[in-house]
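> Quick note on our numbering: the sequence shown kicks off at -5 and runs consecutively. Ideal Cβ positions, reconstructed from N, Cα and C, are used throughout, including at glycine. None of the values given here were measured: they were computed from a predicted structure.
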Amino acid sequence: MSKTSLDPTLIQAYRRTRYSADLGGEAIVLRIDVPSVVVAAAIQASSSPGAAFITAENPYSSPNSAQENAASMALLKGELEALGATVFEGVGQGDDPAWPGEASYLALGLSRDQACLLGRKYQQNAIVWIGVHGTPELVLLR
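1) Thinking C-beta only, is Ile26 closer than 8 Å to Ala109?
2) Helix, strand or coil for Arg137, going by three-state DSSP, please let me know.
3) Ser56: buried (16+ other C-beta within 10 angstroms of its C-beta) or exposed?
4) May I ask you to report which of helix, strand or coil DSSP gives Gly84?
5) Would you report the Cα separation of Val31 and Phe82, rounded to the nearest angstrom?
Shown next, in the form of C-alpha coordinates:
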(Lines of atoms letter the chains of each structure in order from A and count residues from 1; the text may use other names and numbers.)
(Lines give C-alpha, C1' and ligand atoms only; values in the text may rest on other atoms or scores of the structure.)
Protein backbone atom coordinates (compact mmCIF):
# COMPACT_ATOMS: atom_id res chain seq x y z
CA MET A 1 0.00 0.00 0.00
CA SER A 2 1.28 3.45 -0.82
CA LYS A 3 2.18 6.03 1.81
CA THR A 4 -0.91 7.81 3.11
CA SER A 5 -1.94 10.26 5.80
CA LEU A 6 -5.22 8.41 6.38
CA ASP A 7 -5.95 6.58 9.62
CA PRO A 8 -5.61 2.79 9.13
CA THR A 9 -9.02 2.31 10.79
CA LEU A 10 -10.63 4.54 8.15
CA ILE A 11 -8.89 2.63 5.36
CA GLN A 12 -10.21 -0.65 6.78
CA ALA A 13 -13.71 0.85 6.92
CA TYR A 14 -13.44 1.73 3.22
CA ARG A 15 -12.24 -1.80 2.45
CA ARG A 16 -15.27 -3.31 4.24
CA THR A 17 -17.79 -0.98 2.59
CA ARG A 18 -20.42 -2.36 0.22
CA TYR A 19 -20.49 -0.31 -2.98
CA SER A 20 -23.94 -0.84 -4.50
CA ALA A 21 -25.31 0.44 -7.79
CA ASP A 22 -28.10 -0.11 -10.27
CA LEU A 23 -26.25 -0.98 -13.47
CA GLY A 24 -28.91 -0.54 -16.14
CA GLY A 25 -31.57 -2.39 -14.16
CA GLU A 26 -29.23 -4.92 -12.59
CA ALA A 27 -28.45 -4.42 -8.90
CA ILE A 28 -24.79 -5.02 -8.13
CA VAL A 29 -22.73 -4.92 -4.94
CA LEU A 30 -19.01 -4.35 -5.25
CA ARG A 31 -16.43 -5.24 -2.63
CA ILE A 32 -12.78 -4.20 -2.73
CA ASP A 33 -10.57 -6.83 -4.40
CA VAL A 34 -13.55 -9.05 -5.33
CA PRO A 35 -13.97 -9.28 -9.12
CA SER A 36 -17.34 -8.44 -10.67
CA VAL A 37 -18.09 -10.26 -13.91
CA VAL A 38 -21.05 -7.93 -14.50
CA VAL A 39 -18.98 -4.75 -14.23
CA ALA A 40 -16.13 -6.24 -16.27
CA ALA A 41 -18.60 -7.04 -19.06
CA ALA A 42 -20.07 -3.52 -18.92
CA ILE A 43 -16.62 -1.93 -19.08
CA GLN A 44 -15.53 -4.14 -21.96
CA ALA A 45 -18.82 -3.55 -23.84
CA SER A 46 -18.32 0.21 -23.53
CA SER A 47 -14.73 0.00 -24.81
CA SER A 48 -13.68 2.19 -21.90
CA PRO A 49 -10.53 2.00 -19.78
CA GLY A 50 -12.57 1.37 -16.68
CA ALA A 51 -15.06 2.68 -14.20
CA ALA A 52 -15.01 4.52 -10.91
CA PHE A 53 -17.24 4.40 -7.87
CA ILE A 54 -17.10 7.97 -6.62
CA THR A 55 -18.92 10.38 -4.36
CA ALA A 56 -18.82 14.09 -3.60
CA GLU A 57 -20.50 13.71 -0.20
CA ASN A 58 -18.87 14.46 3.14
CA PRO A 59 -15.47 15.83 2.03
CA TYR A 60 -12.56 14.22 3.87
CA SER A 61 -15.12 12.15 5.85
CA SER A 62 -16.50 15.28 7.53
CA PRO A 63 -20.33 15.25 7.58
CA ASN A 64 -22.01 17.87 5.41
CA SER A 65 -25.67 18.85 5.42
CA ALA A 66 -28.03 17.01 3.09
CA GLN A 67 -28.32 20.18 0.99
CA GLU A 68 -24.54 20.58 0.67
CA ASN A 69 -24.14 16.92 -0.26
CA ALA A 70 -26.92 17.11 -2.86
CA ALA A 71 -25.40 20.21 -4.45
CA SER A 72 -21.95 18.61 -4.60
CA MET A 73 -23.37 15.42 -6.09
CA ALA A 74 -25.20 17.38 -8.79
CA LEU A 75 -21.96 19.14 -9.74
CA LEU A 76 -20.05 15.86 -9.80
CA LYS A 77 -22.68 14.22 -12.02
CA GLY A 78 -22.45 17.12 -14.45
CA GLU A 79 -18.67 16.77 -14.62
CA LEU A 80 -18.86 13.01 -15.12
CA GLU A 81 -21.35 13.42 -17.95
CA ALA A 82 -19.26 16.20 -19.52
CA LEU A 83 -16.35 13.74 -19.63
CA GLY A 84 -18.57 11.31 -21.54
CA ALA A 85 -19.06 8.85 -18.69
CA THR A 86 -22.16 6.70 -18.40
CA VAL A 87 -23.37 7.38 -14.87
CA PHE A 88 -25.33 5.02 -12.61
CA GLU A 89 -26.73 5.87 -9.16
CA GLY A 90 -25.10 4.10 -6.24
CA VAL A 91 -24.56 4.02 -2.48
CA GLY A 92 -21.48 3.28 -0.43
CA GLN A 93 -22.59 1.65 2.83
CA GLY A 94 -20.06 0.87 5.53
CA ASP A 95 -20.39 -1.55 8.43
CA ASP A 96 -20.81 1.26 10.99
CA PRO A 97 -24.56 1.84 11.45
CA ALA A 98 -23.81 5.29 12.93
CA TRP A 99 -22.53 6.45 9.52
CA PRO A 100 -25.28 6.61 6.88
CA GLY A 101 -24.65 5.35 3.37
CA GLU A 102 -23.21 7.90 0.97
CA ALA A 103 -24.86 8.57 -2.36
CA SER A 104 -22.34 7.77 -5.07
CA TYR A 105 -21.99 7.18 -8.78
CA LEU A 106 -20.66 4.24 -10.71
CA ALA A 107 -19.20 5.99 -13.76
CA LEU A 108 -18.17 3.95 -16.81
CA GLY A 109 -15.90 5.53 -19.37
CA LEU A 110 -13.37 7.35 -17.21
CA SER A 111 -9.64 6.92 -17.03
CA ARG A 112 -8.12 6.25 -13.63
CA ASP A 113 -6.43 9.67 -13.77
CA GLN A 114 -9.75 11.42 -14.48
CA ALA A 115 -11.38 9.60 -11.57
CA CYS A 116 -8.56 10.52 -9.19
CA LEU A 117 -8.65 14.17 -10.27
CA LEU A 118 -12.38 14.34 -9.59
CA GLY A 119 -11.96 12.59 -6.24
CA ARG A 120 -9.36 15.15 -5.22
CA LYS A 121 -11.45 18.04 -6.54
CA TYR A 122 -14.35 16.93 -4.35
CA GLN A 123 -12.00 16.40 -1.39
CA GLN A 124 -12.41 12.67 -1.09
CA ASN A 125 -9.98 10.45 0.80
CA ALA A 126 -10.32 7.68 -1.76
CA ILE A 127 -12.16 6.41 -4.81
CA VAL A 128 -12.85 2.91 -6.05
CA TRP A 129 -11.29 2.16 -9.43
CA ILE A 130 -12.44 -0.78 -11.53
CA GLY A 131 -10.26 -1.73 -14.49
CA VAL A 132 -11.25 -3.85 -17.49
CA HIS A 133 -11.05 -7.08 -15.49
CA GLY A 134 -13.75 -5.86 -13.09
CA THR A 135 -11.83 -5.96 -9.80
CA PRO A 136 -12.60 -2.97 -7.55
CA GLU A 137 -9.47 -1.34 -6.15
CA LEU A 138 -9.35 1.17 -3.31
CA VAL A 139 -7.29 4.15 -4.49
CA LEU A 140 -6.16 6.40 -1.65
CA LEU A 141 -5.99 10.08 -2.59
CA ARG A 142 -4.31 11.46 0.54
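This is what the structure gives:
1) no
2) For residue 137 there is no data in the structure shown, the boundaries of the chain being -5 and 136.
3) exposed
4) strand
5) 17 Å
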